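The next block holds one structure in the form of structure tokens; read it before the comments.
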Amino acid sequence: MGAFSIWHWLIVLVVVLVLFGGKGKISSIMGDFGKGLKSFKKGMKEEDTAEVDDKPAQKVEDASATEKDKVKS
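Residue numbers (the numbering used here): 1010 to 1082.
Here you go:
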């Protein structure tokens, strides 16, 4: 006999059909999981852009002015 009989292949086929086929509960759960993950990533991306927009622009100082202050101290 070979490594796998017909029964092994039938069991594998049934498992594959249950996991990936048709309108089964597992396929709908995986679809919902994918949608949730996509919306989570979108929300995180929107939050990052909102944080960048909310930060005020930093004031750029002249380097020579800060050096003069250090010398005076």
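Ideal placement from N, C-alpha and C gives every residue a C-beta, glycine not left out. Keep in mind the model is a prediction, meaning the values are calculated, not measured.
To the nearest angstrom, how far is the alpha carbon of residue 1045 from that of residue 1022? Here residue 1045 corresponds to residue number 36 of the sequence shown, with the count starting at 1. Here residue 1022 corresponds to residue number 13 of the sequence shown, with the count starting at 1. Those two C-alpha atoms are separated by around 29 Å.
Between the alpha carbons of residue 1024 and residue 1051, how many angstroms are there, rounded? Here the question's residue 1024 lines up with position 15 in the sequence shown. Here the question's residue 1051 lines up with position 42 in the sequence shown. Distance between the alpha carbons of residue 1024 and residue 1051 is about 33 Å.
Would you identify the three-state DSSP class for residue 1037, choosing helix, strand or coil? Walking along the sequence shown from the start, residue 1037 turns up at place 28. Three-state DSSP puts residue 1037 in a helix.
I believe residue 1027 touches residue 1035 by the beta-carbon criterion, under 8 Å. Please report the beta-carbon distance rounded to the nearest angstrom. Stepping through the sequence shown from its first residue, residue 1027 is reached at position 18. Stepping through the sequence shown from its first residue, residue 1035 is reached at position 26. Sure, about 7 Å apart at Cβ, within 8 Å.
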